[in-house]
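Working notes for the structure below.
There are 2 protein chains.
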Amino acid sequence: MSRDEPNASDEPVATEGRAGRRPTIYDIAQKVGLNPSTVSRALNKPGRTNAATEEKIRAAAAELGYRVNPMARSLPTGLTGTFAIVLPDITNPVHFELIRGAEQVARASGFTLIVSETEASADLELETIETLQPSVDGLLVVASRLADEELAALAREKPIVAANHSAPSLPSVIPDLVMGLTAAMDHLHDLGHGSVAYLGLGDIQINRARWDLTLDLATTRGISAVEITVDAPTVAGGADALRRVRASGVTAVLAYNDLVAHGLLRAARSGGVQLPESFSVIGFDDIFSAELAAPALTTLRSPLREIGTRAMQTLIDPERNRVPSKVVLPLELVVRESTAAPSVRTR
Amino acid sequence: MSRDEPNASDEPVATEGRAGRRPTIYDIAQKVGLNPSTVSRALNKPGRTNAATEEKIRAAAAELGYRVNPMARSLPTGLTGTFAIVLPDITNPVHFELIRGAEQVARASGFTLIVSETEASADLELETIETLQPSVDGLLVVASRLADEELAALAREKPIVAANHSAPSLPSVIPDLVMGLTAAMDHLHDLGHGSVAYLGLGDIQINRARWDLTLDLATTRGISAVEITVDAPTVAGGADALRRVRASGVTAVLAYNDLVAHGLLRAARSGGVQLPESFSVIGFDDIFSAELAAPALTTLRSPLREIGTRAMQTLIDPERNRVPSKVVLPLELVVRESTAAPSVRTR
DNA sequence: CACCATTTGTCAATCGGTTGCCAAGCTCTG
DNA sequence: CAGAGCTTGGCAACCGATTGACAAATGGTG
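Residue numbers (our numbering), protein chains in the order written: chain A, 5 to 351; chain B, 5 to 351.
Okay, structure coming up:
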């Protein structure tokens, strides 16, 4: 099988298009002596051509190693066979499972997935969506920083589905905050906590929803609640918040996500602060590392994978992606070691 | 701002193409009274048209909100402005930073990134690459399961760069195994270990390279070495291996990656096995959760982000992506709590 | 056997850009 | 002021598919 052209010096190898370029439907048509349009129909419109003809064409296509050129196809049809997922931060483990869920559904249906990161910037998110729109059949926006009206305007161009946050004008797939936060507050209340700090992200929609609800549920139970804002939803952001948490005097903390909780745990450990003796911590999402931490993290398990799959299914289904439906998935409390009764100092 | 068409029942809203479709260069041409080809040149060939003309065209384009249609452009040029990254498992944190590095470089150069997962299957990887090829200008394959010859054959179609594993026929970007594993073995040797188990993945290229080298370095130092194969490079795979690790009687373990190491740590903790007293563990990659584990994981820090950026740079640069260059990046040992001298049982 | 209804394949336009070639218009020089 | 040389814009072909309209072929019926 040795290639017999090692003397390639004077060959037109420089440009990418080598002589034996990809076969097209014209090549197939010529080979079987039919019109290209017949080839196109044989390959894509079942029943539109004679079974024998179709078979002959398929055989020729297989022999030539033909593959449809998605770019060429998208021009007349306006359909690209591609979806994009737009998220604030690729490296946040929360998004991995979500991406995977979306990717698997897309691929199973023959679609390709473009992934794009917005670095948690609204401007960049807008720019990204606009740039991507001509190349895709729809978009999945995760934890968007854009206002509902902006998203609604963009969605007039191509369908958009919101994942992990709620956009009233769009179909959205979100975890059941009421269910999850109720369980978390009940848990703290049962343990005897009388105060809680919510470690949040400030003024973005997804964060507002959580804090408002937390406040409601806490006061209903006679628990005092304060909000402490972190700079970023990351380990570093959580670590930075330790001083303020301690200063606040609360006995329990509800973190915006597990990364923030992890940061708090790590800062506590390296600062010699005993957890959960000094204060309890509840995370959000249940990323894979939650159970690996010390102490293992009590957290709200978000059905990330399913959020991704359901969101992508909604996007693919033209029936549903236009109406602002809302899919709410269960959010369960997973109790591990980072929560305990307050003021039971072991030393 | 209330939309005045709630009575949409008889309107042609069903089909996606609404009346006010995207503007094209023909619209711009008409608006300024010039030929579409002039518009195309004004927008893309700096200096090819009169400055005044260009300005007029740009103004019209901006006013119309024109955006080039990537699909239409790719047809005559054969260039898509898109790259794909193909990896075995999206949810492995190892790949996050790598993806992010690649994505940032791609975006900074105006390219779009497609992400595709192969579920660690060679067949699926081949299928994926072939499917994606017509849609992209090149591919980044991470920890490929394909043989070098297969990759070389595929690379004749579109450029391919290998990341995190070495493919002799392709440009590759890899961590410096010799540097890293030497440091790891020196560390174990200094601590006084006389035996080590390598927790590997079996017969794939990236794993072979590590095990062969580990074996060399161990024997040179008079350390006995055995290979223990895990089913999957995951937390579950690592947890499963605990029994075999204990049975082997080694005092130290080198894991294929941090996920496997994490699994081992977790299984040990829940099984009441004290670490690092019973045996030391060294991971690979230094994913973000390594320092969060208990005990915090000693590991080889792989420059994931930089692997991603360098690989994407190589892919973008037509000078380099054809020659099988090899970029080797430093792999450093990060000592934390999971390694200690052997047989110093604290109890 | 004439005629109509289906099936099946062909023609040609189209999607939205890019680009080689050509010609008109301009400037500059001798 | 004629001619060379350069700049600038226009024409038309082309990339690889899809699809509406139509015609040829086929089969069935009275």
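Note that CB positions come from ideal geometry on N, CA and C, so glycine has one too.
With a contact defined as Cβ atoms closer than 8 Å, S284 (chain B) and S342 (chain B) qualify at about 6 Å. Note: V145 (chain B) is bridge-paired with B:V90, B:A166 in the DSSP secondary-structure output.
Under the DSSP assignment, V98 (chain B) falls outside any beta strand (DSSP E), being part of the alpha helix (DSSP H) whose first and last residues are 97 to 112. Annotation: D127 (chain A) is outside any beta strand (DSSP E); the continuous alpha helix (DSSP H) that includes it extends over 126 to 136.
Here the region 267 to 279 of chain A makes no contact with the region 135 to 153 of chain A; the two share fewer than three CB pairs at distances below 8 Å. Between A147 (chain A) and I94 (chain A), the beta carbon gap of about 12 Å keeps them out of contact (Cβ cut-off 8 Å). Within the same chain, G267 come within 7 Å of A240 (chain B) by CB-CB distance, once the 5 residues on both sides are set aside. Interface residue (Cβ-Cβ distance to chain A less than 7 Å): I32 (chain B) is not classified as such. Of the candidates A:V331, A:A345, A:V338, A:V331 places its Cα closest to the Cα of L174 (chain A). With contacts defined by Cβ atoms closer than 7 Å, L335 (chain B) and S306 (chain B) form a contacting pair. Within chain B, the C-beta atoms nearer than 9 Å to that of A297 (chain A) come from S293, L296, A297, A298, in chain order. In the structure shown, F288 (chain A) adopts extended strand secondary structure according to DSSP, grouped into three states. When Cβ-Cβ separations below 7 Å define contact, M316 (chain A) makes no contact with chain B. With respect to chain B, the C-beta atom of L68 (chain A) has no partner C-beta closer than 7 Å. When the Cα atoms are used, S293 (chain A) and G142 (chain A) turn out to be separated by approximately 32 Å. Between I286 (chain B) and A259 (chain B) the beta-carbon gap is near 7 Å, inside 8 Å, which marks them as a contact. With respect to L185 (chain A), L221 (chain A) sits close: the two C-beta atoms are nearer than 7 Å.
When the five nearest sequence neighbours on each side are left out, the beta carbons in the same chain lying within less than 7 Å of the beta carbon of E58 (chain A) are those of A46, in order along the chain.
In the DSSP annotation of this structure, the continuous segment of the beta strand (DSSP E) that includes L117 (chain A) starts and ends at 116 to 121.
Two segments are said to touch when three or more pairs of C-beta atoms, one from each, lie closer than 8 Å; by this definition the region 99 to 110 of chain B touches the region 107 to 124 of chain A. Taking 7 Å as the cut-off, the beta carbon of D289 (chain B) is found closer than this to the beta carbon of V98 (chain B). In the structure shown, G204 (chain A) adopts extended strand secondary structure according to DSSP, grouped into three states. Membership of P179 (chain A) in any alpha helix (DSSP H) is not indicated; the residue belongs instead to the beta strand (DSSP E) covering 176 to 179.
For L333 (chain B), the closest of B:S282, B:L304, B:V327 by C-alpha to C-alpha distance is B:L304. DSSP places K330 (chain A) within a strand segment (E or B) once states are collapsed to three.
Within the region 67 to 99 of chain A, the residues whose Cβ lies closer than 7 Å to any Cβ of chain B are, in chain order, R71, N73, P74, M75, A76, S78, L79, G82, T84, I94, T95, P97. For the pair G204 (chain A) and W215 (chain A), the CB atoms are nearer than the 7 Å cut-off. Note on geometry: alpha-carbon atoms of A300 (chain A) and Y202 (chain B) lie some 27 Å from one another. If you draw a 10 Å sphere on the C-beta of E131 (chain B), you find fewer than 16 other C-beta atoms in it, and that means exposed.
Here T57 (chain B) carries a helix assignment [DSSP, helix/strand/coil].
At a C-beta separation below 7 Å, P27 (chain B) has no neighbours in chain A, since its nearest C-beta there lies roughly 11 Å away.
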